[in-house]
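Residue numbers (the numbering used here), protein chains in the order written: chain R, 15 to 403; chain F, 812 to 1124; chain G, 165 to 581.
Structure (structure tokens):
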């Protein structure tokens, strides 16, 4: 069966099962399962157009909570203050994008790489070097869109390179090696003055003005970051169900079996690193436009570990975890100082992280899901018919 | 040795030899001083990394809180040393304090996460952040130095290098002693035999009637204790302050990656490479000396993904 | 909606209105001043002391300035520019402070200055940042620095070194912006008057093992110029002594300051006699300084034995900010123009000399040349040997010559032979 047919079959059968479950819950009596969807999939697919099937699967998949989130996220800058829009909203989404790359690589690829922030920082440095910044001696001053393309491409290449280095290692070795690579880049950026401008880095890196709209202003910038984050999120969601993503998950679970099946394990892994690197590079560009500057401190050990904390906080099993974790992290970072003794901020973050890893390894999403299942089971004694995604 | 190994040896050996000859001709005193400095720094790195590799080798636990154990041992050792006036007691106190902390970590936390490597690693990261902040709270952000007995302090006159810090020689001798002791422990005692068996096949070890949890706890305690001991020893040479934990963790990481996980000999080789590279880099090309260590790591991994002495399974 | 719900809703709205009114009324009597220092990371101890200095300035006037109550909104950074800007943005945009005091370290200062340009209606006053570029390069019209910067702190030390017979020296310094400025300040007059710095060893920031650097020290230099800070300084000094080194040392402003002299452990006799320079010293013999030290000691039992550089710098900047409020009677309207004019005219007798600013809104002040001395109770302190007043950012050189030299870097200035 081709991938498309198989996907449709998966969708239609799961959708049918969801219908059955709903039927059970609502009426207390099992409804008649539409046999056509189950027994004659091919005729179904041939008669219905591809577009309407796709549309139908979307409509079935969208729940109330999804609509609520979308509405909130789009309406947010209209009722939030510019500070909240810019520093909380845009920063969380940009960080979330970088954490998303880690979740894709770690949660779905089984390779937890601490070098995602490094790739993001590298993209930011490239943008500063090829575009305009305060340091006219080093910056080449190319038009922003050209610098952008070059920066993202170079960063993706570097990510693939890091992947090639780490691909021969497995599991926890990957963490150690990517940590070491990240630290090496930190020291390189700190010590080199001809290219990276050392300790000071580059400042005055502003978001461009497109069609008279200054993307550096809070609201336009927020929408730019939102668009990138939504695109990244749906891209990852699509990718994990595409053949590449499925193969990647297979490699995560059992590389030997996948190799025996004929898949090129190394190529898939390096490809995953490249994809994650692309996402991280976009996140890095957004971060540098947010901060207006890049310096070695942005790619230091602390920043690298922060991305891991965000991903684990939200939950490594689902792409939305990246953004949830990022929002919680940014809120803590900004407001913990008002609640707790300001010097003990690290203790708060570390403690929360530790608590999550010890008691809810799936992060906040895992907590949410276990809460929901507990609440649901309180109302539905049958406890059957839950579809776990 | 195979052809490939000869080729590698020539590829790296020839430039190193050429450099050595040039450096001796240029400034012999500097070269030998740097060589000795590199050896002594390597011995310090070995002390710190040996505990790390021991824990990883047996329990597959990447203990990223290893640096925190180093710092904790150092602080406790300083406190004891300050109040008793004896540096030797400080060393012992550092070892014991870190060993106890390590034991607690293993028994209370890691024991319940057997087999979940990633989760253990994440827990160690969380622990390191929490411990670092608690230590900052308890001991403040000042710099702490130790007060070793005067016969260790000061400088001795050696051939070729003139005055050289006595303490560094002491560190070199101490790490050789501890390294040999560790090797003897692993190779000649029953406990060591159990540990080595556990590294190879944990399941069989349990099946042959050994209380694996107790072996794990003991190993973790020894590994952590070594970190604490290195804390006091290293702190005397290089002072302690917040941030040392990250620095020594990264050093241990690189040493163990280069040398091979789970191998004490590998840790020694890795420490030698890294220590020498760092000191020679600092003397002859200070700008990028720090990057050298990581470049070496990358090159080593490119040829041997499991480290130079790592087991190829 | 039911009746109960309606009345409940209305009472909530009313309560909110009262609170808002009260808040507004209260706000008219209070001026919020943001205070940024690095309370996390490597500069935690200096950051805490900086906060103490600012608190002292406020306590002296019983929490009031310009007839209004002053409320400090304290935010923290970890010495990285990103965090400093984030914290400043929170204080300015979220907590709505009208005056912002901070940051602590050099590079943070440049980042905050760039942010200040986007907030023309808020006045930004420096904390203790000593980077030349914060006011020299592309200055912001609403960023004020009442203290002198890193290069100014070393002017006069060159002559002092020559007077002690150190004609040839070897430099060991950390490889980043602040030491570059300090070295420029030292060498500006040292080289001009015939001194030679035979070589410079720039070590990467965070180096702990100086053994190889020590091995490189040539035998025929008269003294070492050491511009390291914090634990790096302690490490170097200890290792140098262990390696049998016996050359005298000339230190930078944070090489033998209070945070270094106060390290926990045995004081090494080899530190005694080290010359240094800075905007203040532990033993200035004026009544203003003595009062400052006494007030610091009385108010902060958990502080250092003597106020550190950072406490002093934050103190004078905060005092200048609050004095300015007095001058305009707390009126910050009109884009704070009257307030800024008052700031420009500031001139008072601070604990360590006159505090005033030049046309570039950078401090013009006194530099003290000191030597490390042992006090009767056994502790070490910096004794003032000489004081050099009225040092501007051109470091005592004519302006064109200074402009030609540019800001300090690894190779600027240079006088090897």
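Cβ atoms here follow ideal geometry from the backbone N, Cα and C, with glycine treated the same way. On a predicted model such as this, the values are computed, not experimentally measured, just so you know.
Where the alpha helix (DSSP H) through residue i begins and ends
i: residue 208 of chain G; result: 208-224
i: residue 400 of chain G; result: 394-406
i: residue 330 of chain G; result: Premise fails: residue 330 of chain G is in no alpha helix (DSSP H) and is neither H nor E.
i: residue 1017 of chain F; result: 1013-1018
Simplified DSSP state of residue i, which is helix, strand or coil
i: residue 561 of chain G; result: coil
i: residue 307 of chain R; result: strand
i: residue 1055 of chain F; result: helix
i: residue 188 of chain G; result: Bear in mind that the predicted position of residue 188 of chain G carries a pLDDT of just 47, short of 50, making it too unreliable to give a figure here.
i: residue 337 of chain R; result: helix
i: residue 922 of chain F; result: helix
i: residue 227 of chain R; result: strand
i: residue 343 of chain R; result: helix
i: residue 1114 of chain F; result: helix
i: residue 363 of chain G; result: strand
i: residue 296 of chain G; result: coil
i: residue 553 of chain G; result: strand
i: residue 546 of chain G; result: strand
i: residue 181 of chain G; result: Its pLDDT being 49, under 50, residue 181 of chain G is placed unreliably by the model, and the measurement read from it follows with that caveat. Residue 181 of chain G: helix per DSSP, three-state reduction.
i: residue 517 of chain G; result: strand
i: residue 45 of chain R; result: Bear in mind that the predicted position of residue 45 of chain R carries a pLDDT of just 43, short of 50, making it unreliable; the figure below should be weighed with that in mind. Here residue 45 of chain R sits in coil by DSSP.
i: residue 255 of chain R; result: coil
i: residue 482 of chain G; result: helix
i: residue 316 of chain R; result: helix
i: residue 345 of chain G; result: helix
i: residue 53 of chain R; result: Here the model assigns residue 53 of chain R a pLDDT of 46, short of 50, so the residue's position is not dependable, and the following value carries that caveat. In this structure, residue 53 of chain R counts as helix in the three-state DSSP scheme.
i: residue 326 of chain R; result: helix
i: residue 260 of chain G; result: coil
i: residue 64 of chain R; result: helix
i: residue 195 of chain G; result: strand
i: residue 1089 of chain F; result: helix
i: residue 375 of chain R; result: coil
i: residue 1123 of chain F; result: Annotation note: pLDDT 49 at residue 1123 of chain F (below 50); position unreliable, coordinate value reported separately. Three-state DSSP puts residue 1123 of chain F in coil, outside helix and strand.
Partner residues on chain G for residue i, Cβ-Cβ distance less than 8 Å
i: residue 976 of chain F; result: 375, 403, 406, 407, 408
i: residue 97 of chain R; result: 253, 254, 257, 258
Partner residues on chain F for residue i, Cβ-Cβ distance less than 8 Å
i: residue 358 of chain R; result: 944, 948
Proximal residues of chain G, C-beta to C-beta of residue i below 9 Å
i: residue 965 of chain F; result: 405, 406, 408
i: residue 243 of chain R; result: Within chain G, no residue comes near residue 243 of chain R; the closest Cβ sits about 19 Å away, beyond 9 Å.
Contact list for residue i against chain F, beta-carbon separation under 7 Å
i: residue 404 of chain R; result: Absent from the model: residue 404 of chain R. The displayed extent of chain R is 15 to 403, so no value can be given.
i: residue 398 of chain G; result: 954, 956, 1050
Contacts of residue i in chain G (Cβ-Cβ under 7 Å)
i: residue 952 of chain F; result: 208, 209
i: residue 960 of chain F; result: Those within 7 Å of residue 960 of chain F in chain G number zero; the least Cβ separation is about 12 Å.
N- and C-terminal bounds of the beta strand (DSSP E) containing residue i
i: residue 442 of chain G; result: 439-442
i: residue 976 of chain F; result: 973-976
Of the listed residues the options, nearest to residue i (C-alpha basis)
i: residue 376 of chain G; options: F:825, F:823, F:841, F:829; result: F:841
i: residue 364 of chain R; options: F:1075, F:934, F:1086, F:982; result: F:934
i: residue 938 of chain F; options: F:916, F:1115, F:929, F:980; result: F:916
i: residue 263 of chain R; options: R:187, R:119, R:231; result: R:119
i: residue 378 of chain R; options: R:274, R:328, R:351, R:385; result: R:328
i: residue 84 of chain R; options: R:252, R:240, R:183; result: R:240
i: residue 968 of chain F; options: G:409, G:555, G:275; result: G:409
i: residue 481 of chain G; options: G:527, G:407, G:394; result: G:527
i: residue 195 of chain G; options: G:213, G:488, G:359; result: G:488
Interface residues of chain R facing residue i [CB-CB closer than 8 Å]
i: residue 369 of chain G; result: 204, 213
i: residue 274 of chain G; result: 214, 217
Within chain R, the residues that residue i reaches when beta carbons sit closer than 7 Å
i: residue 1108 of chain F; result: 194
Exercise for review: Flag this pair as touching only if the segment 189-206 of chain R and the segment 1104-1113 of chain F have three or more C-beta atom pairs under 8 Å; answer yes or no.
Suggested key: yes
Would you check if there are 3 or more beta carbon pairs closer than 8 Å linking the segment 199-215 of chain R to the segment 286-296 of chain R?
Contact between the segment 199-215 of chain R and the segment 286-296 of chain R is absent, with fewer than three C-beta pairs closer than 8 Å.
Any contact of the segment 238-250 of chain R with the segment 131-145 of chain R, i.e. 3+ C-beta pairs under 8 Å?
no
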